[in-house]
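Using the UniProt record's numbering, the letters of the sequence shown map in sequence onto residues 1 to 366.
This report concerns only the one structure given below.
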Amino acid sequence: MPVTEDIAPRSGYRAAIIGTGFMGRVHAGAVRVAGGSVVGLVGSTVDKAAEAVDALGADGVFADAAEAIASPDVDVVHVCTPNHLHSELALAALEAGKHVVCEKPLATDARSAQTLTDAAKRGGRVATVPFVYRFHPMVREARELVRRGSIGTVTLAHGGYLQDWLLRPEDDNWRVDPDIGGRTRAFADIGSHWCDLLEFVTGQRITRLSAQLSTVNPRRGAASATEDIATLQFNTDAGAVGTSVISQVSAGRKNRLHLEVSGSDATLHFDQEQPELLWLGGRQRSSVLVRDPETLTPPAARLAVVPSGHPQGYQDCFNAFVADTRAAIDGETPDGLPTFADGLRAARLAEAVLESARDNAWVEVE
Ligand code: SOE
Numbered sequence: 001m002p003v004t005e006d007i008a009p010r011s012g013y014r015a016a017i018i019g020t021g022f023m024g025r026v027h028a029g030a031v032r033v034a035g036g037s038v039v040g041l042v043g044s045t046v047d048k049a050a051e052a053v054d055a056l057g058a059d060g061v062f063a064d065a066a067e068a069i070a071s072p073d074v075d076v077v078h079v080c081t082p083n084h085l086h087s088e089l090a091l092a093a094l095e096a097g098k099h100v101v102c103e104k105p106l107a108t109d110a111r112s113a114q115t116l117t118d119a120a121k122r123g124g125r126v127a128t129v130p131f132v133y134r135f136h137p138m139v140r141e142a143r144e145l146v147r148r149g150s151i152g153t154v155t156l157a158h159g160g161y162l163q164d165w166l167l168r169p170e171d172d173n174w175r176v177d178p179d180i181g182g183r184t185r186a187f188a189d190i191g192s193h194w195c196d197l198l199e200f201v202t203g204q205r206i207t208r209l210s211a212q213l214s215t216v217n218p219r220r221g222a223a224s225a226t227e228d229i230a231t232l233q234f235n236t237d238a239g240a241v242g243t244s245v246i247s248q249v250s251a252g253r254k255n256r257l258h259l260e261v262s263g264s265d266a267t268l269h270f271d272q273e274q275p276e277l278l279w280l281g282g283r284q285r286s287s288v289l290v291r292d293p294e295t296l297t298p299p300a301a302r303l304a305v306v307p308s309g310h311p312q313g314y315q316d317c318f319n320a321f322v323a324d325t326r327a328a329i330d331g332e333t334p335d336g337l338p339t340f341a342d343g344l345r346a347a348r349l350a351e352a353v354l355e356s357a358r359d360n361a362w363v364e365v366e
């Protein structure tokens with residue numbers, strides 16, 4: 001049958017997923033929604049991978065990461081392992097000519113993140129990092145309102161990202177061990193999402209910052225733990241100032257990522273736990289905008305998959321992120337797709353945070 005332009009076949013999206021924990025499951029679901037297939041899993045052991053096959057809807061398992069990366073049946077490698085393995089696996093996958101989706105932090109130091117970003121560029125591969133909160137329609141709406149000048153000149157941004165799953169000393173996870181999770185934990189794990197969202201929505205970059213880190217529970221399990229709390233003050237390249245509070249020990253806060261941006265005319269506020277809404281405050285009148293595909297601006301409406309009143313959430317963000325990764329593999333340039341360059345940006349911010357906290361000083365961000 002002749003292939004016409006508008007039904008040109010899409011390139012394959014046969015994924016290998018390395019890592020079978022919570023993130024591996026979320027990635028697998030998104031791959032399937034994007035029309036791809038999970039051809040194989042790699043777990044910490046072959047048995048673990050085999051146990052996860054049904055839950056992740058995979059075709060089978062690979063013996064190890066090297067086999068998955070070398071496989072001619074794999075187009076895209078999803079790296080969902082503990083952090084210390086990210087850069088080694090992502091680099092091997094790029095060198096084998098695969099497209100790569102790598103969990104954040106892309107690398108536990110900025111130099112490795114730079115090497116990965118260069119390798120992706122050199123090889124012409126699509127290489128993305130799931131800063132998925134960008135994919136909430138109301139985040140796109142906020143970004144579009146800022147872009148259109150609806151809030152005026154941005155002067156102030158603040159907010160934070162609060163969780164409580166590491167509140168108690170006995171709450172343990174590989175993320176707290178610096179040898180596995182990296183030298184910063186709360187900031188790299190969730191502060192990176194907040195900074196990404198700030199820069200994505202405002203179009204401004206943090207140029208200097210002052211950070212404090214606090215470890216409430218200095219030991220967890222066998223390891224000396226990394227920071228539970230990070231607080232930052234910052235300046236942006238367009239003259240705005242701001243603050244952010246990041247914590248994984250805030251009782252009752254499950255995943256409270258919230259961002260408020262004030263401009264010379266209005267203020268916007270987004271709360272990830274109420275993702276269907278965006279508050280738009282003015283001197284005379286304030287309103288709550290609802291995720292209604294009928295009234296959203298086009299960049300936000302593009303991501304609205306169900307009518308308003310039928311809430312969209314975290315998995316929908318991942319689905320949209322993987323769908324856009326696939327579109328990029330097909331040669332499109334989806335707006336707002338977070339790439340390894342954004343992973344590098346997060347690694348540079350993490351290094352600035354560590355340096356500032358260590359020296360008790362303001363630090364310029366590269
Ligand atoms: C755990 O803190 C975690 O799963 C993060 O690693 C994710 O990036 C965040 O989206 C939700 O919380």
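All C-beta atoms, glycine included, are put in the ideal place defined by N, C-alpha and C.
For the ligand SOE, I want to know if residue i counts as a neighbour, meaning its beta carbon is within less than 7 Å of at least one of the ligand's heavy atoms.
i           : result
residue 180 : no
residue 163 : yes
residue 177 : no
residue 189 : yes
residue 193 : yes
residue 217 : no
residue 255 : yes
Within its chain, find whatever has a CB closer than 8 Å to the CB of residue i; leave out the 5 residues flanking it on each side and keep chain order.
i           : result
residue 133 : 139, 193, 196, 197, 257, 272, 317
residue 315 : 26, 29, 30
residue 94  : 100, 116, 119, 120, 123, 125, 127
residue 306 : 312
residue 84  : 108, 179, 180, 181, 182
residue 129 : 101, 102, 103, 104, 106, 338, 339, 340, 342, 343, 346
Can you tell which of the options has the C-alpha that lies nearest to the C-alpha of residue i?
i           : options            : result
residue 353 : 242, 19, 187       : 187
residue 50  : 32, 21, 189        : 21
residue 170 : 359, 54, 224, 81   : 224
residue 358 : 230, 57, 253, 247  : 230
residue 190 : 233, 244, 263      : 244
residue 12  : 47, 227, 328       : 328
residue 153 : 202, 184, 129      : 202
residue 275 : 300, 266, 233      : 300
residue 148 : 182, 216, 263      : 263
residue 146 : 267, 96, 67        : 267
residue 96  : 87, 72, 114        : 72
residue 219 : 346, 160, 86, 166  : 166
residue 37  : 326, 342, 168, 283 : 326
residue 215 : 259, 168, 233      : 168
residue 16  : 111, 158, 74       : 74
residue 113 : 35, 137, 87        : 87
Would residue i be called buried (16 or more neighbouring beta carbons within 10 Å of its own) or exposed?
i           : result
residue 27  : buried
residue 310 : exposed
residue 277 : exposed
residue 288 : exposed
residue 254 : exposed
residue 211 : buried
residue 360 : exposed
residue 103 : buried
residue 55  : exposed
residue 335 : exposed
residue 283 : exposed
Residues in the same chain with beta-carbon distance under 7 Å from residue i, minus the five sequence neighbours each way, listed in chain order, please.
i           : result
residue 135 : 303, 317, 320, 321
residue 365 : 206, 207, 208, 209, 348, 349, 352
residue 92  : 69
residue 297 : 141, 144
residue 65  : 18, 42, 89
residue 155 : 240, 262, 263, 264
residue 184 : 226, 227, 350, 353, 354
residue 46  : 61, 63
residue 174 : 82, 180, 181
Considering only residues of the same chain and omitting the five flanking positions on each side of residue i, which have a CB-CB separation below 6 Å?
i           : result
residue 199 : 205
residue 279 : 269, 288
residue 290 : 308
residue 162 : 247, 250, 253, 256
residue 19  : 80, 81
residue 3   : Note that residue 3 has pLDDT 40, beneath the 50 cutoff, so the model's placement of it is unreliable and the number below is only indicative. Counting only Cβ-Cβ distances below 6 Å, and skipping sequence neighbours, we find nothing.
residue 59  : 39
residue 362 : 208, 210
residue 293 : 301, 304
Any chance the CB of residue i is under 7 Å from a heavy atom of the ligand MG?
i          : result
residue 61 : This structure does not include the ligand MG; its bound ligands are the ligand SOE.
Item to check | Cβ contact check for the segment 166-180 and the segment 233-242: 3 or more pairs under 8 Å | outcome: no
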